[in-house]
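> Sharing a structure below in structure tokens format, with a few things to ask.
Residue numbers (our numbering), protein chains in the order written: chain A, 49 to 506; chain B, 49 to 506.
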């Protein structure tokens with residue numbers, strides 16, 4: 049079976065781009081999600097949309113599962129080949145096809161790393177706004193497939209807001225082009241947005257046209273420490289109510305502050321109950337004015353201390369504090385389960401309080417950081433991987449956390465995706481009628497059910 | 049048949065909300081699109097999502113077409129009941145359920161007029177950014193169903209960018225809720241965006257949660273006259289390339305300027321080949337700086353004259369000039385066919401040149417105005433409704449205009465929708481494989497094919 053499959057794939061992409069070696073298969077049995085793995089039968093690296101189409105036609109004809117994958121930095125087991133078959137790695141599609149300053153857009157193959165697109169845009173004096181936490185490793189295709197978010201979601205939106213058009217290959221082998229170079233285009237159902245966030249279950253995305261913005265003139269950053277997360281959350285609400293929508297409003301809870309300070313020694317104030325990192329970008333006078341107002345609001349809401357970064361180096365250090373939350377926490381135990389719930393912004397503190405209660409009830413260390421501006425939290429459980437009983441408690445705790453988020457008008461995933469990890473909770477969020485509809489949409493694209501089975505739409 | 053239908057509907061919504069009178073049927077046989085009409089069998093005004101669900105269950109069981117409709121201001125025959133059946137008018141669902149300043153959102157029933165939502169937001173110090181040309185009559189539901197655009201598309205995006213969540217009734221009667229009060233939510237396929245722009249062919253949208261923005265501190269407006277539209281288009285490209293994304297960048301061609309001046313006597317300069325209306329909003333210093341830079345760029349690109357509106361009254365007069373383009377043109381003949389193509393921004397002048405060539409070749413008066421910032425043009429043909437031969441030439445001319453737009457990487461509709469009027473051209477834009485996929489998606493929602501037949505997905 050494997051030999052026949054390898055031969056068929058080699059006939060399409062050339063033998064040098066197919067691997068059935070146990071080491072290569074094992075490397076593609078998992079992504080960045082702990083506790084999920086499954087061996088594929090073959091790993092293939094196509095070099096064009098046409099090759100992807102030929103692979104998918106073969107897979108549909110033979111009933112072989114295909115799991116598309118970029119960098120494999122997925123955090124919800126969205127690229128784990130649960131049912132075996134082919135892992136289709138898109139990293140050879142790594143060309144930036146154009147960056148247009150006149151049109152404020154870029155066209156890239158989807159295997160391009162996000163950071164490479166961002167750098168190419170910056171070189172043209174432009175900004176690619178989406179900046180998921182994994183942007184140094186993730187690919188544009190993975191970002192589109194998961195509708196990746198990031199640190200600038202409130203002001204700038206998420207990946208969805210920047211995708212203008214896609215080239216995608218249907219599981220039955222047709223290559224379609226959706227949208228294009230246009231800011232307004234309503235010809236047909238919005239397949240561009242339907243494919244964005246479809247987690248590799250409807251089509252394989254091979255090219256994306258994305259909107260860019262003029263690069264903001266300046267950026268400013270500040271940090272505020274609060275006695276409790278409730279104080280920080282109140283400050284966030286007050287900032288928004290004052291008419292400011294800042295580019296960055298990130299928080300760390302007390303456990304994260306301690307871990308980050310221990311890890312990176314950035315001089316964070318470890319006695320605080322919460323840290324709020326705020327930033328804005330735009331014209332210098334506006335940024336200066338907004339940061340001063342945020343500083344004042346934080347003080348009014350009981351901040352222990354508020355500091356504006358005096359220079360870019362200090363601002364970068366503060367952003368590094370937020371970005372290194374996960375590695376810092378990872379050091380506390382060798383198994384780190386990072387989750388991703390989202391609630392209405394003003395319910396942030398209530399949600400963290402529920403997370404803390406649930407963690408205590410299950411005797412677990414769960415620290416929480418995330419995007420205060422858009423209510424997107426990353427509760428992170430640190431564990432001993434050999435403690436099966438603790439892992440069981442962790443699963444139970446996260447099931448309760450998902451329910452708690454839903455009860456607060458929230459959702460089970462803000463930006464990571466559903467994947468395999470959260471599929472069991474999807475019906476609680478969407479209801480049975482909507483989940484059934486997702487299945488019918490899935491079958492409209494993928495009648496043979498070969499594309500990323502066991503995930504969305506299954 | 050009609051009696052049975054009326055009785056069934058009356059049983060659901062009460063007899064006072066069902067009409068089968070010839071006058072009422074005739075009033076719902078057409079929308080704002082000329083040259084399309086078809087009589088329904090009944091007009092029904094449901095008062096709740098549950099009543100909508102009961103109507104749709106009945107329609108699916110009996111195979112009766114249902115055409116959802118808000119204000120009927122559609123411009124592509126999207127709400128004309130081509131196959132008869134029921135016109136489902138949603139204007140009784142006219143409650144604004146909440147406007148939240150803390151959460152920057154509003155939740156409304158979909159029969160609420162767009163202008164009423166905008167006014168409620170303004171009262172709370174907030175901005176509902178989408179502002180389609182028909183906003184004084186159109187409903188939020190119609191805006192969502194068509195993904196309506198408007199004058200602020202470049203800086204602020206279109207309706208899609210503001211829809212956070214929907215309540216919708218499937219043709220088979222299930223009531224689903226998509227998205228919610230969240231800026232980040234990737235649980236499931238993006239049904240919120242799939243329904244946005246689905247033109248009443250997939251589900252009936254009964255409630256929408258929309259994002260609001262803090263109201264900009266100030267607004268400024270200016271006008272520039274150019275010898276030719278090519279000069280104006282070059283200025284638009286230069287503005288964008290300079291790093292400014294202004295809130296408004298509208299244009300009128302020479303024929304529109306003349307018609308508007310004749311109609312409204314606003315003191316427009318009738319010797320110019322093109323008028324560019326520009327505006328921005330935000331903090332006062334930023335707006336002032338941006339308008340001054342745009343003024344300078346227009347002068348550099350050969351403007352005959354550039355004026356900044358010295359006060360709000362003058363700015364409103366200028367905006368009125370743009371907004372009255374359609375009524376002004378309508379006076380030139382009693383039949384006005386308003387179209388809606390979109391091209392990459394820098395191809396605006398090329399597209400207008402093609403439109404002018406095509407109009408001349410067919411001996412037609414086609415004037416063009418539109419959104420220069422996002423490349424969305426509204427070529428408008430003015431005709432004598434009794435001149436069947438001219439109407440035939442008009443159809444032929446628009447078919448050529450759609451082909452020309454596609455050839456310039458553009459699309460057949462930027463913001464009005466496909467409806468019945470442009471369905472014949474959809475395959476030229478999307479290709480046969482994509483049109484077939486739309487049909488499969490349609491059937492995943494509407495197995496009996498009762499919802500707005502003869503439109504998207506048919």
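We put the beta carbon where it would ideally sit given N, CA and C, even for glycine. Quick caveat, the model's predicted, so the values are computed rather than measured.
Going along the chain, which residues of its own chain have a beta-carbon closer than 8 Å to the beta-carbon of residue 248(A), five neighbours each way excluded?
115, 116, 117, 126, 127, 193, 499, 500 and 503
> Please list, in chain order, all residues of the same chain as residue 135(A) whose beta carbon is under 6 Å from its beta carbon, the five residues on each side excluded.
Non-local C-beta neighbours of residue 135(A) in its own chain, meaning closer than 6 Å and more than five positions away in sequence, comprise 76, 88, 91, 115, 117 and 129, ordered along the chain.
> Kindly give me the distance between the Cβ atoms of residue 296(A) and residue 200(A), rounded to whole angstroms, as I take these residues to be in contact under 8 Å.
7 Å
> Are the stretch 138-154 of chain A and the stretch 285-294 of chain B in contact at 8 Å, needing three or more beta carbon pairs?
With the rule of 3 Cβ pairs closer than 8 Å, the stretch 138-154 of chain A counts as touching the stretch 285-294 of chain B.
> Taking only the alpha-carbon atoms, compute the straight-line gap between residue 185(A) and residue 101(B) and give it to the nearest angstrom.
47 Å
> As a quick exercise: from 465(B), 142(B) and 341(B), pick the residue whose alpha carbon is nearest that of residue 254(B).
Nearest Cα to residue 254(B) within the set 465(B), 142(B) and 341(B): 142(B).
> Please determine if the stretch 219-237 of chain B and the stretch 449-467 of chain B are in contact, where contact requires at least 3 C-beta pairs separated by less than 8 Å.
no
> In whole angstroms, what is the alpha-carbon distance linking residue 52(B) and residue 94(B)?
18 Å
> With which residues is residue 424(A) paired in a DSSP beta bridge?
Residue pairing for residue 424(A): DSSP places it in a beta bridge opposite 390(A) and 419(A).
> What are the complete beta strand (DSSP E) segments, minimum 3 residues, inside the stretch 90-144 of chain B?
90-92, 114-117 and 134-137
> Just checking: is the beta-carbon of residue 373(B) within a distance shorter than 9 Å of some beta-carbon in chain A?
no
> List, in order along the chain, the chain A residues whose C-beta lies closer than 9 Å to that of residue 242(B)?
237, 238, 239, 241, 242 and 489
> I want to know whether the stretch 362-381 of chain B touches the stretch 294-311 of chain B - three or more CB-CB distances under 8 Å.
yes
> Is it the case that the Cβ atoms of residue 469(A) and residue 111(A) are separated by a distance below 9 Å?
no
> If you follow the alpha helix (DSSP H) that residue 204(A) is part of, which residue opens it and which one closes it?
201-204
> Go through its chain and collect everything with a Cβ distance to residue 67(B)'s Cβ below 6 Å, but skip five positions before and after it.
91
> Can you tell me where the alpha helix (DSSP H) holding residue 192(A) begins and where it ends?
188-194
> Would you say residue 424(A) lies against chain B (beta-carbon separation less than 9 Å)?
yes
> Do we get a CB-CB distance below 9 Å when we pair residue 219(A) with the residues of chain B?
no
> Do the CB positions of residue 230(B) and residue 423(A) come within less than 9 Å of each other?
yes
> Using 9 Å as the threshold, is the C-beta distance between residue 505(B) and residue 478(B) below it?
no
> Report yes if the C-beta distance between residue 392(A) and residue 322(A) is below 9 Å; otherwise report no.
no
> Beta-carbon within less than 6 Å of residue 223(B)'s beta-carbon, same chain only, minus the 5 sequence neighbours each way: which residues are those?
Counting only Cβ-Cβ distances below 6 Å, and skipping sequence neighbours, we find 97, 101 and 217.
> Residue 444(B) to residue 227(A), Cα distance in whole Å?
Whole-angstrom Cα-Cα distance: 25 Å.
> Count the CB pairs spanning the stretch 262-270 of chain B and the stretch 349-363 of chain B that are closer than 8 Å, and state whether there are at least three.
yes
> Who are the near neighbours of residue 47(B) in its chain, counting only those whose CB is closer than 7 Å to its CB and skipping five residues on each side?
The question about residue 47(B) has no answer here: the residues shown for chain B are numbered 49 through 506.
> Helix, strand or coil for residue 412(B) per DSSP?
coil
> Which bits of chain C does residue 394(A) rub up against, with CB to CB less than 7 Å?
As a matter of chain content, chain C is missing from the structure shown, whose protein chains are A and B.
> Contact criterion: CB-CB distance below 9 Å. Does residue 222(B) meet it with respect to chain A?
yes
> Does the Cβ of residue 407(A) have 16 or more other Cβ atoms within 10 Å, making it buried, or fewer, making it exposed?
buried
> With 9 Å as the threshold, decide whether the Cβ of residue 470(A) is near any Cβ in chain B.
Interface residue, yes.
> At a CB-CB cut-off below 7 Å, which residues of chain A make contact with residue 232(B)?
Chain A residues near residue 232(B): 197, 201, 206, 390, 422, 424, 462 and 463.
> Is residue 223(B) near the ligand SAM - that is, is its Cβ less than 8 Å away from at least one heavy atom of it?
Absent from the structure shown: the ligand SAM. Ligands present: none.
> Below 9 Å on C-beta distance, what does residue 293(A) contact in chain B?
152, 261 and 262
> Quick one: which residues of the stretch 130-144 of chain A get their C-beta closer than 9 Å to a C-beta of chain B? List them in chain order.
none
> Assign residue 284(B) to buried or exposed, taking buried as 16 or more other Cβ atoms, counted over all protein chains shown, within 10 Å of its Cβ.
buried
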